[in-house]
Amino acid sequence: MNCGDSGTNIILVIVVILFLALNVFIRSRRAGGSPLGRVVGIFANLNHNEKLVENFGFHRSVEKLKTNAWKKNKDKVDFLPQELRMALSQVFEMSEEVNERIDAARKFKSDSYMAGIDVSKLKPPLAKCRQQLQEWFQENMQNPEFQPKRRRGLFG
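Structure below.
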């Protein structure tokens with residue numbers, strides 16, 4: 010084996026790795042756009058927020074609650090029951106209020122301001138929404154209407 014062959018092999022391995030990484034990226038993006046993918050994203054935000062609320066520390070370095078999946082998908086979850094959508098909306102609204110208070114505490118560099126943030130009111134609605142969303146997911150996981158659409162082609 011000479012030096013030219015090993016260089017070619019290395020380039021070939023790099024190309025294959027890049028191709029596989031691109032394939033995984035495209036598949037994950039496709040799954041996130043499906044109804045089940047949206048629900049999983051919202052569920053992940055709820056789980057994260059529930060853990061943060063359980064371990065909420067009253068200091069400026071506390072992590073903010075996640076609301077990005079809800080902001081991105083709130084207009085795309087019409088398939089969820091109305092009661093659940095309303096509960097999710099309320100929970101993420103409350104989460105935004107907590108985030109605003111965290112931002113204000115950071116702005117004023119005040120740990121005492123953080124002590125005034127009442128996250129205990131978020132615990133029951135977070136748990137309820139997480140449970141309802143999990144039940145909906147389990148009931149509809151096999152429903153082809155909500156699964157990612159299979160595409161055939163170069164990456165499918």
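Whatever position you read off the sequence shown (first residue = 1), add 9 for the numbering used here. We put the beta carbon where it would ideally sit given N, CA and C, even for glycine.
With 16 other CB atoms within 10 Å as the buried threshold, where does residue i fall?
i	result
Asn8	Not covered by the structure: residue 8. The range shown for the chain is 10 to 165.
Phe28	exposed
Leu21	exposed
Phe117	exposed
Val100	buried
Val71	buried
Met150	exposed
Can you tell me where the alpha helix (DSSP H) holding residue i begins and where it ends?
i	result
Asn149	132-149
Asp112	91-117
Glu59	44-63
Phe80	First, the residue type needs correcting, since residue 80 is Lys and not Phe in the sequence shown. Looking at the DSSP string, the run of the alpha helix (DSSP H) that includes Lys80 is 77-82.
Asn121	According to the sequence displayed, residue 121 carries Ser and not Asn. Counting along the chain, the alpha helix (DSSP H) containing Ser121 begins and ends at 120-124.
Could you tell me which of the options sits nearest to residue i, measuring between CA atoms?
i	options	result
Trp79	Leu61, Met150, Ser70, Met103	Met103
Ala96	Gly16, Ala30, Lys132	Lys132
Ala113	Lys73, Gly50, Leu21	Lys73
Ser129	Ile23, Asn152, Glu63, Val22	Glu63
Gly50	Val24, Lys83, Leu21	Lys83
Lys60	Arg115, Leu135, Ala124	Leu135
Leu55	Tyr122, Lys137, Glu109	Lys137
Lys75	Gln91, Val48, Phe88, Asn108	Asn108
Glu154	Leu89, Asp14, Gly16, Asn18	Leu89
Phe65	Asn77, Asp14, Glu148, Asp127	Asp127
Lys85	Glu92, Glu105, Val48, Ile23	Val48
Glu106	Glu92, Met123, Gln91	Met123
Using a Cβ-Cβ cutoff of less than 7 Å, which residues in the same chain neighbour residue i once the five nearest sequence positions on both sides are dropped?
i	result
Val156	What sits at residue 156 in the sequence shown is Gln, not Val. Excluding positions up to five away in sequence, the list reads Ser43, Leu45.
Tell me which residues share the same chain as residue i and place their Cβ nearer than 8 Å to its Cβ, disregarding the 5 neighbours each side in the sequence.
i	result
Phe52	Arg139, Leu142, Gln143, Phe146
Gly125	Arg110
In chain order, what residues of the same chain lie with their CB nearer than 6 Å to the CB of residue i, ignoring the 5 residues before and after it?
i	result
Ala40	Residue confidence for Ala40 is low, a pLDDT of 45 falling below 50, so the modelled location carries little weight; the figure read from the coordinates is stated next. Only Gly46, Pro157 meet the Cβ criterion.
Met10	Bear in mind that a pLDDT of 46 at Met10, under 50, signals an unreliable position, so the model cannot answer this.
Are any of the Cβ atoms in chain D nearer than 8 Å to that of residue i?
i	result
Gln140	In the structure shown, chain D cannot be found, because there is only a single protein chain.
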